[in-house]
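Protein chains: 2
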Amino acid sequence: MILSKSCEYAIRATVYVALKSKKNEKTGIIEVAEAIGSPMHFTGKILQTLVRKKILSSAKGPTGGFYVENGQHLFLIDIVRAIDGNGLFTSCVLGLEKCSETQPCPMHDQVKPIRDLLMAEFSKKPVTELVEEFQQHKYFLK
Amino acid sequence: MILSKSCEYAIRATVYVALKSKKNEKTGIIEVAEAIGSPMHFTGKILQTLVRKKILSSAKGPTGGFYVENGQHLFLIDIVRAIDGNGLFTSCVLGLEKCSETQPCPMHDQVKPIRDLLMAEFSKKPVTELVEEFQQHKYFLK
DNA sequence: ACAATAAAAGATAAATTTGTCTTTTATTAT
DNA sequence: ATAATAAAAGACAAATTTATCTTTTATTGT
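So the protein lines, in turn, are chains A and B. Each residue of the first sequence is one higher than the one before, counting from 1 in this note's numbering. Each residue of the second sequence is one higher than the one before, counting from 143 in this note's numbering.
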C-alpha cells in the first residue's frame, strides 16, 4: 500500500466534493460516504482534517456542507501531504535515522529518483482533471 | 513510509545475518537486535517469519542461531514480499476494489510504471551487495 | 425566537501493527 | 543423562490506524 486508507478516502472524497462544487453545490458527509463507498463517520473525520488543512472549505447549518473554494488549485500531492505527510517521499526506505543525501543508505540512491517521480506525478495531477475524467465516466470512485 | 517497520527491520536483520553467514557464523536474536538497533523480542518474531518464509534458516541449541543457507540467492524483493506482501506493487493507489489494467483508476497509468521501477530496484538488489557495501563501511545498519 | 440542518468536536471502540515477556521445544556439549 | 543454550511458540500489552456514536456549535429558513 502506497497511501494510507485515510489518504485514499481523502483523495476520492475531495474529487467528489470538487465535482459538486463545479455545479455550485455543497455536499454533506452522508452523500460523500455514499458516493465513494467509505465509512460515513470516518469520512466525516477525514473531511474535517481536510478543512483544517485548507484543502476543503465547509459551512454549517442548512444549505451547508463541504466545498472547494473558488480559485483553489488543488493537486493530489496537497491531499497526500495533508493526510500522510511527506514521509512517503523523504523517510529512509530502510528506516535508518541517519540516512541522508550525504550519508545514504544502501537503497537511497536507487529509491530517490523513483520517489521523486512519484512525487512529480502527484504534483502535476490536478483534482479538476480527476473530476473531468470522472464526469466522462472513465472510472468510478468506489 | 514505503515499507512497514517490520520490513525495514527484516531487511537490515537479513543483511546482518548474511554478513555473519559469509564468515560461517550463525548469529542470535540478541546480537542481531543490537547490531541493527531494533527491539529484541520483536526482531525475534521477524526472524522467525523470515525462517518460515524460507528467507533465512535457523538452528536451535548451543552453536545455533540464524544463518543464510549456502547457495541461497537473496534479493531485497524476496524480503519485501515475505513481510509486506505484494500490495506495494499491485494494490490500487486510490483503494478502488475494481481498479485493474482494463478498468484503471485515474492514477493507475501514472503510478504503474513507477511501482514497476520500484519493484525492479528491489528485484535486482542482491542481499550480498548490501553485505559487501556494509563491510566496506559505506553505511550503517542502525 | 424557534426548529431544522449540518459540520465540529469529543468520547469510545475495533483492528492492526509494533513491541514485550514467559514457556516450550530442540540441540549441543559435558 | 544432564545442564546450558537458543530458537519457536504463545500470551499479553502498547501504540497507531481505522471506525462508530453522541454531543455541541453554528447557520439557515420560517
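Built from N, CA and C at the ideal position, the CB exists for glycine as well. Note that the structure is predicted; figures quoted are calculated from it, not measured.
Neighbours of residue 118(A) across chain B, judged by C-beta separation under 8 angstroms: 253 and 256. Excluding its 5 nearest sequence neighbours in each direction, residue 122(A) has C-beta neighbours in its own chain below 8 angstroms: 75, 76, 77 and 80, listed in chain order. For residue 14(A), the three-state secondary structure derived from DSSP is helix. Here residue 242(B) is exposed: its Cβ has fewer than 16 other Cβ atoms, across all protein chains shown, within 10 Å. Annotation: residue 174(B) to residue 185(B) spans about 8 angstroms, alpha carbon to alpha carbon. Put simply, of 284(B), 239(B), 226(B) and 258(B) the residue whose alpha carbon is nearest the alpha carbon of residue 145(B) is 226(B).
Near chain A, meaning a CB-to-CB distance below 7 angstroms, no residue of the segment 195–215 of chain B qualifies. Secondary structure of residue 265(B) (DSSP, three-state): helix. Interface annotation, residue 154(B): in contact with chain A, CB-CB separation under 8 angstroms.
Apart from the 5 residues on each side of it in sequence, residue 205(B) sits with its Cβ closer than 8 angstroms to the Cβ of 168 in its chain, given in chain order. DSSP places residue 89(A) outside any beta strand (DSSP E); the residue lies instead in the alpha helix (DSSP H), whose first and last residues are 87–90. The beta-carbon of residue 246(B) is placed less than 8 angstroms from the nearest beta-carbon of chain A. For residue 42(A), the enclosing alpha helix (DSSP H) has its first and last residue at 40–52. Chain-order list of chain B residues neighbouring residue 107(A): 153, 218, 263, 264, 267 and 272, by C-beta distance under 9 angstroms. The alpha-carbon separation between residue 114(A) and residue 124(A) amounts to approximately 15 angstroms. Of the residues assessed, residue 65(A) falls on the buried side of the cut-off, its CB having 16 or more other CB atoms within 10 angstroms. Per DSSP, residue 34(A) is one residue of the alpha helix (DSSP H) stretching across 29–36. DSSP places residue 218(B) inside the alpha helix (DSSP H), whose first and last residues are 218–226. The beta-bridge partner set that DSSP reports for residue 242(B) is empty. Using a C-beta cut-off of 8 angstroms, the segment 151–164 of chain B makes no contact with the segment 43–60 of chain A, since fewer than three inter-stretch Cβ pairs fall below that distance. Residue 148(B) carries a helical assignment under DSSP once its states are collapsed to helix, strand and coil.
The DSSP-derived three-state label of residue 282(B) is coil. For residue 5(A), the closest C-alpha among the options 233(B), 275(B) and 277(B) is that of 233(B). Within the DSSP bridge table, the entry for residue 208(B) names 169(B) and 200(B) as partners. Using beta-carbon distances, residue 282(B) counts as an interface residue toward chain A, with a partner under 8 angstroms. Cβ contact annotation for residue 11(A) (same chain, cutoff 7 angstroms, sequence separation greater than five): 76 and 79, in chain order. Here residue 182(B) is exposed: its Cβ has fewer than 16 other Cβ atoms, across all protein chains shown, within 10 Å. Within a 10 Å sphere around the beta-carbon of residue 211(B) sit fewer than 16 other beta-carbons, which makes this residue exposed. Contact of residue 189(B) with chain A is not assigned, every C-beta pair being separated by 8 angstroms or more.
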